[in-house]
Amino acid sequence: MARDFYEVLGVGRGASAEELKKAYRKLAREYHPDRNPGDAEAEERFKEVQQAYDTLVDPEKRKQYDAGGMFAGFGGGRGAGGPGGFASDIGDIFSTLFRRGGGPEQRPLRGRDLETEVQLSFRQAMDGTEIPVTVPKQSTCRTCGGTGARPGTMPVVCPQCNGRGIDTESQGFFSISQPCPRCGGAGQVIEDPCSTCNGTGLTLQRKRYRVRIPAGVRDGSRIRVRGKGEDGPRGAPPGDLYVVTRVTPSAVFRQRPDGNLEVRLPITVPEAIQGATVEVPTLNGTKRIRVPAGTQHGTVQRLRGEGPPKASGGRRGDILYRLEVEMPRDLNTEQQQALKEFAEAMNDRDPRASLLRDASATSAKVGD
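This is the structure:
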């Protein structure tokens with residue numbers, strides 16, 4: 229019997245999607261076949277972790293899985309199954325009961341989706357690139373061609389359910405249908421299993437792909453590659469591969485959640501007071517922007533259309549420049565004298581006057 233999927237990932241039943249992802253990444257790295265060559269136990273653990281994550285990260289599959297207590301008799305409770313069991317998870321049970329139609333022409337189950345990460349430089353993320361990825365996944369067995377039977381033989385119709393995949397039991401006025409215990413709902417049995425895949429029709433293989441990364445991706449973007457997930461059992465369609473981008477931060481540009489970029493732009497005190505035209509960095513060189521006279525610290529200036537491309541197409545994003553007034557620290561004698569004269573010239577202006585006046589009025593009302 230398979231373990232409870234929450235137990236497999238080491239999380240509670242109220243775990244968020246982020247907690248599931250964090251637990252999955254940790255365990256996937258620990259049991260990855262590349263780190264445990266020749267370790268069959270680690271390989272099985274890796275597959276178990278992938279199956280648990282694939283089920284729980286999908287809201288609909290998770291909902292069905294959490295409701296699986298009512299199907300405990302089908303395979304020992306939530307998530308029961310595996311080779312020789314009734315179903316690999318509760319989603320398989322629902323597929324068996326409601327999608328297969330109960331006849332010999334049964335709808336095959338789809339392969340599982342997979343997820344992998346790629347590391348990109350900031351420049352690659354902005355310009356787009358093509359990057360190689362290597363994915364360990366369950367693929368069609370090369371020995372038996374995915375039938376699960378020894379070469380030269382074929383699966384036969386299940387003698388217990390006559391190929392229907394469903395076993396029906398009458399209890400008074402009611403009839404209860406459940407996956408056939410002999411064939412697990414497949415409608416066929418393998419009398420002479422393939423020695424390479426042990427009758428599953430799938431083996432763990434390393435597949436290499438080149439994935440096109442569109443321009444303008446952010447850290448954490450998920451790119452869907454159709455049909456590159458795990459192969460489905462016995463000729464079923466494959467799942468999809470999701471490539472998650474990890475972008476190395478830029479020393480200059482910060483990626484914003486709205487798809488624009490932000491730059492911290494230092495300006496001098498005279499530039500803030502008098503105004504100036506200053507040179508600023510862009511993705512394709514430099515441009516000049518106008519700093520208005522009297523600019524305050526934290527003011528934002530925008531260059532439209534100079535940011536990264538947007539996935540939806542159309543106009544590019546913007547670059548926002550957050551102006552930060554840089555205060556001088558080490559002044560020479562001449563600068564100190566000039567600052568003293570400036571302070572004397574501004575002596576009649578107190579920027580805190582209104583603040584203190586409002587505070588005094590508030591204190592008086594409290595006293596009353």
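Throughout, the numbering used here is defined as the position within the sequence shown, counted from one, plus 228.
Yeah, the Cβ is synthetic: ideal placement off N, Cα and C, and Gly gets one too.
Sequence-distant residues of the same chain with beta carbon closer than 7 Å to residue i, five excluded per side
i: Gly447; result: Looking at the sequence itself, residue 447 is Asp, so the reference to Gly does not match. Thr473, Arg474, Val475, Gln483, listed in sequence order.
i: Val236; result: Glu276, Val277, Ala280
i: Gly452; result: It should be pointed out that residue 452 corresponds to Arg in this sequence rather than to Gly. Asp468, Tyr470, listed in sequence order.
i: Thr381; result: Asp420
i: Met354; result: Ala443, Gly444, Leu511, Pro536
i: Leu248; result: Leu237, Val239, Tyr281, Leu284, Val285
Contacting residues, own chain, Cβ-Cβ under 6 Å from residue i (five flanking each side not counted)
i: Arg454; result: Asp468
i: Phe233; result: Ala280, Thr283, Leu284, Gly307
i: Glu397; result: Ile404
i: Gly427; result: Gly376, Ile418, Pro421
i: Ala243; result: none
i: Gly503; result: Val519, Pro520, Ala521
i: Asn264; result: Ala270
Option in the options with minimal Cα separation from residue i
i: Gly266; options: Leu432, Gln352, Val363; result: Leu432
i: Met555; options: Thr523, Pro494, Thr561; result: Pro494
i: Gly238; options: Tyr252, Glu246, Ala245; result: Tyr252
i: Lys456; options: Arg340, Pro409, Thr428, Glu276; result: Arg340
i: Asp459; options: Gly429, Arg438, Gly487, Glu247; result: Gly429
i: Ser423; options: Arg231, Arg370, Val361, Pro485; result: Arg370
i: Val361; options: Cys425, Glu343, Pro261, Leu531; result: Glu343
i: Asp486; options: Arg378, Gly415, Pro537; result: Pro537
i: Ala464; options: Leu337, Arg241, Ala268; result: Leu337
i: Ile517; options: Thr505, Leu511, Gly526; result: Thr505
i: Arg450; options: Lys250, Ala521, Gly533, Glu345; result: Glu345
i: Lys515; options: His525, Met574, Glu534; result: Glu534
i: Thr496; options: Asp558, Val553, Cys389; result: Val553
i: Arg434; options: Gln366, Pro466, Cys425; result: Gln366
i: Arg378; options: Cys425, Cys389, Gln388; result: Cys425
i: Leu531; options: His525, Arg543, Thr523, Gln524; result: Arg543
Own chain, CB closer than 8 Å to residue i, minus 5 neighbours either side, in chain order
i: Val491; result: Val480, Phe481, Arg482, Val508, Pro509, Ile547, Leu548, Tyr549, Arg550
i: Tyr259; result: Ala270, Glu271, Arg273, Phe274, Val277
i: Ile359; result: Val346, Leu348, Gln352, Arg438, Val439, Ile441
Cβ separation of residue i and residue j, assumed to be a contact under 8 Å, to the nearest whole Å
i: Thr368; j: Gly374; result: 4 Å
i: Pro442; j: Gly356; result: 5 Å
i: Leu489; j: Gly444; result: Actually they are not in contact, since the Cβ atoms of Leu489 and Gly444 sit about 10 Å apart, beyond 8 Å.
i: Ala245; j: Phe274; result: Rounded, the Cβ-Cβ distance is 21 Å, inconsistent with contact.
i: Cys386; j: Arg351; result: Incorrect: roughly 58 Å between the Cβ atoms, too far for contact.
i: Pro261; j: Pro364; result: 5 Å
Cβ-based burial, residue i [other Cβ within 10 Å; buried from 16]
i: Pro383; result: buried
i: Gly310; result: With a pLDDT of 36 at Gly310, under the threshold of 50, the predicted position of this residue should be treated as unreliable, and no value is reported.
i: Ile501; result: exposed
i: Gly412; result: buried
i: Gln416; result: buried
i: Pro498; result: exposed
i: Arg392; result: buried
i: Ala300; result: For Ala300, the predicted model reports a pLDDT of 32, less than 50, meaning its position is unreliable; a value from the coordinates is still stated below. It counts as exposed.
i: Arg290; result: buried
i: Ala589; result: exposed
i: Ala566; result: exposed
i: Pro407; result: buried
i: Ala414; result: buried
i: Pro287; result: exposed
i: Pro579; result: exposed
Cβ of residue i within 9 Å of any chain D Cβ
i: Val361; result: Here chain D cannot be found, since the structure has a single protein chain.
Any non-hydrogen atom of the ligand GTP closer than 8 Å to residue i Cβ
i: Cys386; result: In the structure shown, the ligand GTP is absent, as is every other ligand, since no ligand is present at all.
task: Kindly provide the ranges of any alpha helix (DSSP H) runs that are 4 or more residues long and lie completely inside the region 464-503, ordered along the chain.
output: Counting only runs of 4 or more, we get 497-502.
Uninterrupted beta strand (DSSP E) stretches inside the region 354-426 (no shorter than 3 residues): Within the region 354-426, the complete beta strand (DSSP E) runs of at least 3 residues fall at 357-368, 394-399, 402-407.
message: Going residue by residue through the region 524-594, where are the continuous beta strand (DSSP E) segments of at least 3 residues, counting only ones entirely within it?
response: Correct list: 528-531, 547-554.
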